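What follows is a single structure, written as structure tokens, with notes after it.
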Amino acid sequence: MWGGGGRLLSSNHRGFTLAEVLITLGIIGVVAAMTMPVLIQNHQKNVLKQQFKKSYSLMQQAYQKVFADNGYNYECYYWDKNPYGNSVCTKYNDAGVCIKSTLADGSEKPADYGGRFQECSQFMAHLEKHLSIIKKCNGNALEDGCIPKYKGLDTYYKDQNDSLSDDDLSQKTAGCGNWNQKEIENKRIVYVLADGTIIMLYGTGPSLFAIDINGQKGPNKWGHDLFAFGTRGGGSRASYVATHVSSCYPIEKGGLSTTNMLINSYK
0 MWGGGGRLLS
10 SNHRGFTLAE
20 VLITLGIIGV
30 VAAMTMPVLI
40 QNHQKNVLKQ
50 QFKKSYSLMQ
60 QAYQKVFADN
70 GYNYECYYWD
80 KNPYGNSVCT
90 KYNDAGVCIK
100 STLADGSEKP
110 ADYGGRFQEC
120 SQFMAHLEKH
130 LSIIKKCNGN
140 ALEDGCIPKY
150 KGLDTYYKDQ
160 NDSLSDDDLS
170 QKTAGCGNWN
180 QKEIENKRIV
190 YVLADGTIIM
200 LYGTGPSLFA
210 IDINGQKGPN
220 KWGHDLFAFG
230 TRGGGSRASY
240 VATHVSSCYP
250 IEKGGLSTTN
260 MLINSYK
């Protein structure tokens, strides 16, 4: 730069060299590569939490509407508080699953010890009126496009231990067979809602059911976007959606139980 009188003025200021710019960009790229997957994963988890809350709330509201319509509960629930007290297991199978039990005093358990389920079909028919159902599959849910491919309880156990015999597998899934893979794909009643949510019944009504909170979108895994629920009731209040009434469902690697997902969703 030229100053007054024709003198050349020196300057200590200079720009970044190309090498410095490239090094800086390289560092930024490395940091981004390290942090972006974590940020994306956290975002996906937050999205699933919001979808879980929405699905859970939607079902609770539908239950309350049915109760408001009727003024009483359909007999389709596990006891909110068991009137018969605790039971004692008296016989286990080789897999450690209880296959016979009595009341604490040794007397035989009554037929409705676990709950009352005589009106599950009627309850579901009424519940349908308060859900925005766009498609229903009465079996063949995979072939007819109501569900994506899900792992069943049997295939989950088989993946954990490929050496399990058919007898071992039958014992481990005893009393829970409706969540086996072929049962899910071919025999379960499935509803698809307007927002894509999938509701899959264990039996003929909502005593036990599963919800895929984001429908056909992945990951389509138990404990990630697919969760098991049930119905509790028996008192004067409306029956309600419960997060733990059965252990008849798997939790795939990295997933959460329905109860823990509910807790995490409201943190």
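Numbering (numbering that gives the first Met the number 0) for the sequence shown: 0 to 266. Note that the Cβ used here is the ideal one computed from N, Cα and C, for glycine as well. Just so you know, these numbers come straight off a predicted model, no measurement behind them.
- Message: Once DSSP output is grouped into helix, strand and coil, what is the label at Val96?
- Response: Residue state, collapsed to three classes: coil.
- Query: Leaving out the 5 sequence neighbours to the left and right, which residues in its chain are closer than 8 Å to Val96 when beta-carbon positions are compared?
  - Reply: These residues qualify, in order along the chain: Gln170, Lys171, Ala173, Gly174.
- Alpha carbon to alpha carbon, what distance is there between Gly84 and Asp111? For Asp111 and Gly84, the distance between alpha carbons rounds to 12 Å.
- Query: In angstroms, rounded to a whole number, what distance separates the CA positions of Asn259 and Lys80?
  - Reply: For Asn259 and Lys80, the distance between alpha carbons rounds to 21 Å.
- Task: Tell me, please, which residues DSSP counts as bridged to Ile210.
- Result: DSSP lists Ile198, Phe226 as the beta-bridge partner residues of Ile210.
- Do you know whose CA, among Trp221, Ser238, Lys181, Leu163, lies nearest Gly253's CA? Comparing Cα-Cα distances from Gly253 to each of Trp221, Ser238, Lys181, Leu163, the minimum goes to Trp221.
- Message: Just to confirm my understanding: we take Gly4, look at its own chain, exclude 5 residues before and 5 after, and list those with CB closer than 7 Å. What are they?
- Response: With a pLDDT of only 49 at Gly4, under 50, the local geometry of the prediction cannot be trusted, and no value is derived from it.
- Item | Nearest-angstrom Cα separation, counted from Gly114 out to Thr203 | For Thr203 and Gly114, the distance between alpha carbons rounds to 15 Å.
- When DSSP builds the beta bridges, which residues end up paired with Ser86? Answer is Leu102.
- Ala241, enclosing beta strand (DSSP E) - first and last residue: Per DSSP, the continuous beta strand (DSSP E) segment holding Ala241 begins and ends at 239-241.
- Message: Could you compute how far the alpha carbon of Leu24 sits from the alpha carbon of Ala32?
- Response: Straight-line Cα distance between these residues: approximately 12 Å.
- Query: DSSP state of Val30, grouped into three classes?
  - Reply: If DSSP states are grouped into helix, strand and coil, Val30 belongs with the helices.
- Message: Residues in the same chain with beta-carbon distance under 7 Å from Glu107, minus the five sequence neighbours each way, listed in chain order, please.
- Response: If we look at Glu107 and ignore the five residues flanking it on each side, its Cβ neighbours are Thr101.
- Message: Measuring straight from C-alpha to C-alpha, what distance separates Gln63 and Ile133?
- Response: The straight-line gap separating the alpha-carbon atoms of Gln63 and Ile133 is approximately 21 Å.
- Query: Per DSSP, Asn137 is paired with what?
  - Reply: For Asn137, which the question treats as bridged, DSSP gives the partners Ile188.
- Assigned exposure category for Gln50 - 16 Cβ within 10 Å defines buried: Counting Cβ neighbours within 10 Å, Gln50 comes out buried, since at least 16 surround it.
- Task: Would you mind working out which of Ile197, Lys52, Lys150, Val191 sits nearest Trp178, comparing C-alpha positions?
- Result: That would be Lys150, whose Cα lies nearest to the Cα of Trp178.
- Item | For Ile250, three-class secondary structure by DSSP | Coil at Ile250, not helix or strand.
- Quick one: using the 10 Å Cβ neighbour count with 16 as the cut-off for buried, is Arg231 buried or exposed? Buried, since its Cβ has 16 or more Cβ neighbours within 10 Å.
- Query: Quick one: Cα of Tyr77 to Cα of Gly229, how far?
  - Reply: For Tyr77 and Gly229, the gap between their C-alpha atoms comes out near 8 Å.
- Message: So, at 6 Å on beta carbons, what are the nonlocal neighbours of Ile98 in its own chain, with the 5 sequence-adjacent residues on each side left out?
- Response: Excluding residues within five positions, the ones whose Cβ falls inside 6 Å are Lys90, Asn92.
- Thinking just about the alpha-carbon of each residue, which of Pro82, Leu47, Phe66 is nearest to the one in Arg236? Ranking the options by Cα distance to Arg236, first place goes to Phe66.
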